[in-house]
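*Asks:* In the numbering used here, the protein residues as written are 287 to 676.
For glycine and all other residues, C-beta sits at the position ideal for the given N, C-alpha and C.
Small disclaimer: the values here were computed from a predicted structure and weren't measured.
Attaching a single structure in structure tokens format; questions to follow.
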Amino acid sequence: MFLAYDLTSTYFEGAALGNELARRGHSCDQRPDCKQVNIALVVSKEGLPLAHEVFPGNTSDVKTICGIVGRIEERFGKADRIWIVDRGMVSEEVLTWLRAGERSYIVGTPQSELKRFAADLLSESEWHVVREGLEVKQATVEGSRETFVLCRSEARQGKERAMRERFSARIEAGLKRMEHRLSKARKRQNHAVLGKQVGRLLERNSRAGKQFDIEVCERIDRPSGVEVKWQRNTKNDQWAELSEGCYLLRAHGTNLSDEEVWKAYIQLTQVEEAFRIHRTELELRPVWHQTADRVRAHILVCFLAHVLWKTLEQWSERAGLGRSPRKLLQEIAQIKSGDVLLPTTDGRELRVRCVAKPEKALSLLLERLGLELPKRLRTVETMIPQTAQM
287 MFLAYDLTST
297 YFEGAALGNE
307 LARRGHSCDQ
317 RPDCKQVNIA
327 LVVSKEGLPL
337 AHEVFPGNTS
347 DVKTICGIVG
357 RIEERFGKAD
367 RIWIVDRGMV
377 SEEVLTWLRA
387 GERSYIVGTP
397 QSELKRFAAD
407 LLSESEWHVV
417 REGLEVKQAT
427 VEGSRETFVL
437 CRSEARQGKE
447 RAMRERFSAR
457 IEAGLKRMEH
467 RLSKARKRQN
477 HAVLGKQVGR
487 LLERNSRAGK
497 QFDIEVCERI
507 DRPSGVEVKW
517 QRNTKNDQWA
527 ELSEGCYLLR
537 AHGTNLSDEE
547 VWKAYIQLTQ
557 VEEAFRIHRT
567 ELELRPVWHQ
577 TADRVRAHIL
587 VCFLAHVLWK
597 TLEQWSERAG
607 LGRSPRKLLQ
617 EIAQIKSGDV
627 LLPTTDGREL
637 RVRCVAKPEK
647 ALSLLLERLG
657 LELPKRLRTV
667 ETMIPQTAQM
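Put into structure tokens, the structure is as follows:
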């Protein structure tokens with residue numbers, strides 16, 4: 287069984303004073319100005335949500351996985367599961383803990399790990415085409431119990447190259463503006479302050495920061511007393527071109543081929559889709575509740591709604607109606623019902639709720655879903671004495 291695991295956050299409106307879940311941390315909503323709560327989600331291969339946990343907003347990603355894996359095993363036993371986790375969710379300590387318990391996993395790795403496999407990237411042999419524009423290759427590490435899979439994507443390569451070129455252009459433009467300003471300055475400039483400005487420029491454009499060698503040096507023939515010199519680092523350009531579009535997966539205890547490892551790993555998109563559904567369709571954010579119990583209840587209701595949402599999606603797909611629960615709900619919402627009031631001879635009133643006959647298109651939709659509308663809803667039937675209404 288494949289289980290995909292990931293973590294997200296949602297923010298609070300208000301101060302949330304006294305709420306132990308409301309803390310400041312890395313915001314997935316781009317709202318660092320607000321307190322937040324972290325939500326961990328486990329989904330199946332088909333994207334069906336199976337479990338969730340709630341953590342304080344300042345909980346780091348790597349501190350959550352051991353707890354939720356342990357709770358899943360405590361409730362359902364130590365079955366044959368393969369945990370699929372994104373690269374930011376695990377550390378070497380966590381991976382050691384997973385291996386010690388003979389647990390199987392597939393995880394992404396930081397980009398820096400690719401340098402260990404530079405020779406494999408350079409070699410064009412043993413790459414397997416998974417689909418058009420996507421290749422995988424199994425690499426070995428002597429003495430390791432893990433399987434390492436190199437992945438190379440043309441689409442990702444184009445995206446990363448465009449980003450690198452854009453950030454590189456921003457750095458160069460920023461350096462030119464800085465040098466132009468220094469050449470026109472009539473007062474002496476602080477060397478340390480300029481160094482910090484260069485640092486901030488590189489920080490804002492970190493994807494291309496290693497492509498430049500920059501130096502802030504003295505220049506006595508200028509009133510400013512300093513100048514900025516830079517040159518492109520072609521050595522880093524070569525590595526960037528080689529590694530663009532590539533990423534590394536690590537697997538343990540799976541007995542899967544390199545292609546199967548990649549196909550399993552991309553199931554993390556199911557978790558990302560789940561978080562998108564929570565934020566949009568189910569209106570998870572923002573959280574207005576101010577106590578921890580109510581916050582947990584709010585997240586639980588959203589989780590249960592997500593289970594129903596995915597169930598409806600799978601039901602619709604099996605019926606050949608696509609994968610749009612929202613559209614399906616909009617169509618079903620057209621079903622009308624009305625109350626029919628029938629007076630009786632003994633002075634009472636009989637109330638019967640009846641369902642209106644749907645239009646032809648809606649009838650066909652219900653037929654595809656295998657649903658048949660009742661003519662009457664007996665559960666709404668009530669009897670009210672007329673004397674009690676006066």
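At the level of alpha carbons, what is the spacing between ASP523 and ARG357?
*Replies:* If you number the sequence shown from 1, residue 523 lands on position 237. If you number the sequence shown from 1, residue 357 lands on position 71. Going by the C-alpha atoms only, they are around 46 Å apart.
*Asks:* In the DSSP assignment, find the unbroken alpha helix (DSSP H) run with ASN563 in it and report its ends.
*Replies:* Translated into positions along the sequence shown, residue 563 becomes position 277. Before going further, note that residue 563 is Ile rather than Asn in the sequence given. Note, ILE563: alpha helix (DSSP H), 554-565.
*Asks:* Alpha carbon to alpha carbon, how far is GLY460 from GLU504?
*Replies:* Sequence index remark: in the sequence shown, residue 460 carries index 174 (1-based). Sequence index remark: in the sequence shown, residue 504 carries index 218 (1-based). Between GLY460 and GLU504, the C-alpha separation is close to 19 Å.
*Asks:* Roughly how many whole angstroms lie between the Cα atoms of THR294 and PRO572?
*Replies:* As a working mapping, residue 294 is identified with position 8 in the sequence shown. As a working mapping, residue 572 is identified with position 286 in the sequence shown. In a straight line, the C-alpha of THR294 is about 13 Å away from that of PRO572.
*Asks:* Rounded to whole angstroms, what is the Cα-Cα separation between ALA405 and ALA425?
*Replies:* Your numbering for residue 405 matches position 119 in the sequence shown. Your numbering for residue 425 matches position 139 in the sequence shown. Each residue's alpha carbon lies about 10 Å from the other.
*Asks:* Return yes when at least one heavy atom of the ligand ATP lies under 7 Å from the C-beta of ALA386, else no.
*Replies:* With respect to the ligand ATP, the structure offers nothing, as it holds no ligand at all.
*Asks:* Please state the DSSP three-state secondary structure of GLY304.
*Replies:* The count along the sequence shown starts at 1 and reaches residue 304 at position 18. Reduced to three states, the DSSP call for GLY304 is coil.
*Asks:* Taking the alpha-carbon positions, what's the LEU408 to ARG431 distance?
*Replies:* Counting from one through the sequence shown, the residue named residue 408 turns up at place 122. Counting from one through the sequence shown, the residue named residue 431 turns up at place 145. Taking the straight line from one Cα to the other gives about 24 Å.
*Asks:* Please say whether GLU440 and LYS423 have beta carbons closer to each other than 8 Å?
*Replies:* Within the sequence shown, residue 423 is the residue found at index 137, counting from 1. Within the sequence shown, residue 440 is the residue found at index 154, counting from 1. Contact flag unset, no.
*Asks:* What is the DSSP secondary structure of THR540, counted as helix, strand or coil?
*Replies:* For the purposes of this step, residue 540 is taken as residue 254 along the sequence shown, with counting starting at 1. Looking at THR540 - three-state DSSP - the assignment turns out to be coil, as it is neither helix nor strand.
*Asks:* Please classify SER602: is it buried, with 16 or more other beta-carbons within 10 angstroms of its beta-carbon, or exposed?
*Replies:* Locating residue 602 in the sequence shown gives position 316, counting from the first residue. Answer is buried; the Cβ neighbour count reaches 16.
*Asks:* From ASP366, ASP372, CYS640 and VAL626, pick the residue whose C-alpha is nearest to that of SER390; which is it?
*Replies:* Position 104 of the sequence shown, counted from the start, is the residue given in the question as residue 390. Closest by alpha carbon: ASP366.
*Asks:* Please tell me whether GLN553 and PHE288 are closer than 8 Å, where the distance is taken between their beta carbons.
*Replies:* Taking the sequence shown and counting its residues from 1, the one referred to as residue 553 is at position 267. Taking the sequence shown and counting its residues from 1, the one referred to as residue 288 is at position 2. Yes, Cβ-Cβ distance for GLN553 and PHE288 is below 8 Å.
*Asks:* Taking the alpha-carbon positions, what's the PRO644 to LEU657 distance?
*Replies:* Position 358 of the sequence shown, counted from the start, is the residue given in the question as residue 644. Position 371 of the sequence shown, counted from the start, is the residue given in the question as residue 657. Distance between the alpha carbons of PRO644 and LEU657 is about 12 Å.
*Asks:* Given VAL593, which residues of its chain have a CB within under 6 Å of its CB, disregarding the five upstream and five downstream residues?
*Replies:* Reading the sequence shown from its first residue, position 307 is the one you call residue 593. Hits under 6 Å: PRO335.
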